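Numbering (our numbering), first residue to last: -1 to 334. For every residue, glycine included, the Cβ atom is placed at its ideal position computed from N, Cα and C. Predicted model only: the values in this text are computed from it and were never measured. Take a look at the structure below.
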Amino acid sequence: MYETLWFVLITVLFVGFFFLEGFDFGVGMLMPFLGKKDVERRVIINTIGPFWDGNEVWLITAGGAMFAAFPHWYATLFSGFYMALFLMLLALIGRGVSFEFRSKLDNPRWRSTWDWVIFTGSLLPPLLWGVALANLMRGVPIDENMNYVGSFWDLISVYSVTAGVSVVLLFLLHGALFLSLKTEEPLREKARQVAMKIGAATTVMVLLFVILSYFETDMFTQEGINPGTVPILAGIALVSVRFFLKARREGWAFVMTGVTIVLSTVTVFNCLFPRVMISSLNPDWNLTIHNAASNEYTLKVMTVIALCTVPLVILYQGWTYWAFRKRVSINDHLDY
């Protein structure tokens, strides 16, 4: 019971992280290209200024929950994916530092350098997360002692790279739509046009990833030809984005990319369950919610703590988004 509950809670934490940090990453990737002037780049950064660090808390919480609830999953994942996670951590650190440092000097070269660090720090995490999720679905070399026995290059394949590019494009689309809701003209129209251009490529790449998943994973044997209601709804939501954009309903388009991210993440974890990591060497060596979990007492105590604290965190973040709901304008006071 507790094992299943904590698997669901960790899924929810990753859903929250990908939905919220998804548009953060998208905005960071778009900033050097949409912002032709320094003041425009400052406006773009200010759209996510009150949110980005709070959004990253979801990842920290997910990692902490994984460590406490499923220590064997945490140990195998973080040792096996060590290099990828190290690169991701460097990218996130550089991105966070850049937000603070770019305005310390009124020097074009200084600011341009930090702007490209923001771009790189926003590009690498979604790319690496796509690679990681693809490998979790396909399976990685894990031995009978729950040890990862492969290398970093075992994680790189056509399938995993396709997943990485799909996540990058989906977050770009999500970020462009967020900017269309948080900025005024001319940035608003620029963001809308970018979303129109990215939408088709995103749909094609996500469809390609789904097709490859039937050949590279056990999704076919798990779900059959019909993948189920959740992934079908995710696909419908993604396709609908273009229609909402043509009708100039950017708000609904943003909701649809959010639905796509949420349902796609749920699909990945649903395909895993009750496994948490799949062994490509022997299915008997899979890590599951049962053999990777902490003892029942630990899970019980954690459940009580989570039920008391998680609602408060959600309420606080909800209040933050409500307090900073207005569009950001060039005429606003900007931190140069």
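Can the beta-carbon of residue i be found less than 8 angstroms from the beta-carbon of residue j?
i, j, result
"Thr201", "Leu170", "no"
"Val159", "Pro124", "no"
"Arg93", "Gly119", "yes"
"Asn255", "Gly52", "Here residue 255 turns out to be Thr, not Asn, going by the sequence shown. Not closer than 8 angstroms, so no."
"Ile43", "Phe99", "no"
"Ala63", "Thr296", "no"
"Ile46", "Val25", "yes"
"Leu177", "Leu185", "yes"
"Gly173", "Phe271", "no"
"Leu121", "Ala82", "no"
Measuring only the C-alpha atoms, how far is residue i from residue j?
i, j, result
"Ser101", "Leu11", "32 angstroms"
"Trp320", "Trp151", "44 angstroms"
"Gly128", "Asn289", "26 angstroms"
"Tyr162", "Leu210", "Looking at the sequence provided, one finds Gly at residue 162 rather than Tyr. For Gly162 and Leu210, the distance between alpha carbons rounds to 13 angstroms."
"Lys244", "Tyr146", "48 angstroms"
"Leu75", "Arg246", "43 angstroms"
"Tyr334", "Val95", "Residue placement at Tyr334 is flagged as unreliable, the pLDDT there being 44, under the threshold of 50; a coordinate-derived value is accordingly withheld."
Report the three-state DSSP secondary structure of residue i (helix, strand or coil).
i, result
"Met144", "coil"
"Arg136", "helix"
"Tyr334", "Low confidence applies here, because Tyr334 scores a pLDDT of 44, under 50, leaving its location unreliable; read the following figure in that light. DSSP places Tyr334 in coil when its eight states are reduced to three."
"Ser149", "coil"
"Ser277", "strand"
"Thr215", "coil"
"Leu103", "coil"
Output needed for residue i: all residues of its chain with C-beta closer than 7 angstroms, excluding positions within five of it in sequence on either side, in chain order.
i, result
"Glu182", "Arg325, Ser327"
"Leu175", "Ala193, Glu248, Ala251, Phe252, Thr255"
"Trp71", "Met64, Val274, Met275, Leu285, Ala290"
"Asp36", "Arg109"
"Asp113", "Met29, Pro30, Arg39, Arg100"
"Leu7", "Ala63, Ala304"
Within its chain, find whatever has a CB closer than 6 angstroms to the CB of residue i; leave out the 5 residues flanking it on each side and keep chain order.
i, result
"Met194", "Leu243"
"Thr59", "Leu11"
Assess, as a yes-or-no matter, whether the segment 276 to 290 is touched by the segment 138 to 153 under the definition of 3 or more beta carbon pairs within less than 8 angstroms. yes
Would you check if there are 3 or more beta carbon pairs closer than 8 angstroms linking the segment 9 to 26 to the segment 263 to 271? yes
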